[in-house]
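Notes follow once the structure below has been shown.
2 protein chains.
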Amino acid sequence: MEPEKILNISVDCVVFGYDITTKSLNVLVIKRFLEAEGKVLVDDYVLTGYHVYKQETLDQTATRVLKELTGLTGQYKKQFKAFGNPDRLTNEKDIIWIKNEEFNLRTITIAYYFLLKTEDVDVNKNKYQAKWFPVNNLPELGFDHKKIIEEAYEDLKIKCLSEPIIFKLLPDKFTINEAQDLYQSILGIEIDNRNFRRKLINKKYIIALDEKQVGVSKKPAQLYMFSLDLYEKMFKKNYLINI
Amino acid sequence: MEPEKILNISVDCVVFGYDITTKSLNVLVIKRFLEAEGKVLVDDYVLTGYHVYKQETLDQTATRVLKELTGLTGQYKKQFKAFGNPDRLTNEKDIIWIKNEEFNLRTITIAYYFLLKTEDVDVNKNKYQAKWFPVNNLPELGFDHKKIIEEAYEDLKIKCLSEPIIFKLLPDKFTINEAQDLYQSILGIEIDNRNFRRKLINKKYIIALDEKQVGVSKKPAQLYMFSLDLYEKMFKKNYLINI
DNA sequence: CCAAAAGTGTTTAAGCTACACCCATGG
DNA sequence: CCATGGGTGTAGCTTAAACACTTTTGG
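Those sequence lines, one after another, are chains A and B. Mapping to full-length UniProt numbering: the first sequence position 78 is 78, numbers consecutive. Mapping to full-length UniProt numbering: the second sequence position 171 is 171, numbers consecutive.
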């Protein structure tokens, strides 16, 4: 039996997945479709989310929602904002949709984002018809979910500059150029390869492995890994005022 | 008549006030006191907060709570986190207290912080018995409010390094040394006066006024102001990766 | 004239920016 | 042998960090 739900509080999850082959930062959304008397009433996408259970923390709700959607656990997650405007679920389509759901029209949602790799999710046999879209080319989205995604993306852009979270989006073993491509995708900028290389390789917590890429046509690149252990050991808060 | 409340969703406000004379970053809290049969049951402090009304945004709730407490409007505010652990209101004292209030035991709170000057609040004739405490020397606090304050403070520490929010804590006209003292209070560090001075004075949006301090014994210092207008005009996002 | 706080310069080191070509590999 | 992406070095400039004494003013 399902635990008791809090009907007016939900968690919504912005699942960011990086596709290393297409160099695309994507968001995982699910299909929302409803028809009646042969007419399509609702046909768009939404974020995955769910009510908070009476006996769980918000973090637990987020973890549960991600697992239900993707089967994954232990991924990087961050609570970034609560959305609670009175009109956030009151577009025409949303109201039609909510009629079919056990949903309070005045629901506040606590939004999280997750960082993972697109390849870790098997969207083909997904019961929610989950689908990846590039964060810069989103489909029509229900509720206020476009806004939620945009704010998650802004938070991610800022956070990736000061914390080593990009490695959550990369495979354990990656090349310098892959890391550069990722930054370029997230930030939408061009980075000088020589400067970026030097910067990364000089970090003691970026470890060159005794391994190179295999199975690539052309010159295989040196593989590196990120050591969270070393990062935390040498981490020193710097109070650089930069206003 | 009071608007309809959402009984399980509240907003709590961490009001930071800087006291320029004592160089202390303070938090405004209100008294919580209850006795029965001559015995003191509850005697501590809490943040100000209130239920969200059915027809208002979360930001509006926060603004309303601050106005109710201080009479002030238009102060800098930031929503920084939602707190929703199932056990966050279940300490012994909290349960006693909640019996007297129209409060759901499973309430989720959206926490905001405000930045202002202690002198802008008249605590003496405050009906909530509001009181300032240094953020590093807080009294006993009810609910999970100690944790909320600590997380607000952490957010403020990070944010003041990259955004010109300290000027919300200073008078319109301030001296360089006052700004330095403020940074030192917030961050708990010592800053070299010559380096700090040069840094600030070189900013085009820090404007030297044709005015000096008056009424001070000893040498009166040059007054400056912060121009938000100029700041925004010259603001250029820099994508410095610093991991 | 004295106490107190304001204000001032220089040197060194680190790190960012800009910039163009050769190399190694697999096919 | 060639196409492709991997990999490399330097010089100039900006900015941070470290450091101690003089000046101005009100009382």
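C-beta atoms are modelled at their ideal positions from N, C-alpha and C, and glycine is treated no differently. Note that this is a predicted model, so its numbers are computed, not measured.
Between residue 166 of chain A and residue 183 of chain A, the beta carbon gap of about 7 Å places them in contact (Cβ cut-off 8 Å).
The Cβ neighbour count for residue 83 of chain A, taken over all protein chains shown within 10 Å, is at least 16; the residue is labelled buried. Using a Cβ-Cβ cut-off of 7 Å, residue 39 of chain B does not count as an interface residue toward chain A, since no Cβ of chain A sits closer than that to its own. Against chain A, a Cβ distance below 7 Å from residue 58 of chain B picks out 82, 84. Within chain A, no C-beta atom comes less than 7 Å from the C-beta of residue 20 of chain B; the nearest is roughly 19 Å away. The closest CA to that of residue 32 of chain A, considering only A:133, A:43, A:104, A:48, is found on A:43.
Residues of the segment 160-176 of chain A with a C-beta less than 7 Å from any C-beta of chain B: 161, 162, 163, 164, listed in chain order.
In the DSSP assignment, residue 36 of chain B is bridged to B:39.
At a cut-off of 7 Å between beta-carbon atoms, residue 113 of chain A makes no contact with chain B. Residues of chain B with a Cβ closer than 7 Å to the Cβ of residue 242 of chain A are, in chain order, 161, 162.
Taking a 10 Å sphere around the C-beta of residue 149 of chain B, we find 16 or more other C-beta atoms and assign the residue as buried. The beta carbon of residue 10 of chain B sits closer than 7 Å to the beta carbons of 49, 50, 51, 52, 107, 109 from its chain, once the five residues preceding and following it are set aside; these are given in chain order.
Contact between residue 228 of chain B and residue 175 of chain B fails: their C-beta atoms lie close to 19 Å from each other, not under 8 Å.
Residue 94 of chain B sits close to residue 142 of chain B, with the two beta carbons spaced by under 7 Å. Straight across, the Cα-Cα distance linking residue 188 of chain A with residue 30 of chain B is about 47 Å. Contact annotation: residue 13 of chain A and residue 76 of chain A have beta-carbon atoms that are not nearer than 7 Å. For residue 49 of chain B, DSSP records a beta bridge to B:12. With fewer than 16 other Cβ atoms inside 10 Å of its own Cβ, residue 240 of chain A counts as exposed. The beta carbon of residue 116 of chain A sits closer than 6 Å to the beta carbons of 17, 75 from its chain, once the five residues preceding and following it are set aside; these are given in chain order. One thing to note: residue 191 of chain A has its Cβ no nearer than 7 Å to the Cβ of residue 200 of chain A. By the rule that beta-carbons nearer than 7 Å mark a contact, residue 187 of chain A touches chain B. Against residue 201 of chain B, chain A offers no close residue; the least beta-carbon distance is about 13 Å (beta-carbon pairs closer than 7 Å). Within 10 angstroms of the beta-carbon of residue 124 of chain B lie fewer than 16 other beta-carbons, which makes it exposed. Taking a beta-carbon distance threshold of 7 Å, residue 108 of chain A counts as an interface residue toward chain B. Membership of residue 109 of chain B in the beta strand (DSSP E) is indicated by the continuous run 108-117. If the five residues before and after residue 54 of chain B are omitted, its C-beta is found closer than 8 Å to the C-beta atoms of 3, 4, 5, 6, all from its own chain and listed in chain order.
For the segment 3-19 of chain B, the set of positions with a beta-carbon nearer than 7 Å to some beta-carbon of chain A reads 6, 8, 9 in chain order.
Beta-bridge partners assigned by DSSP to residue 97 of chain A: none are found.
Taking a Cβ-Cβ cut-off of 9 Å, the neighbours of residue 54 of chain B in chain A comprise 86, 106, given in sequence order.
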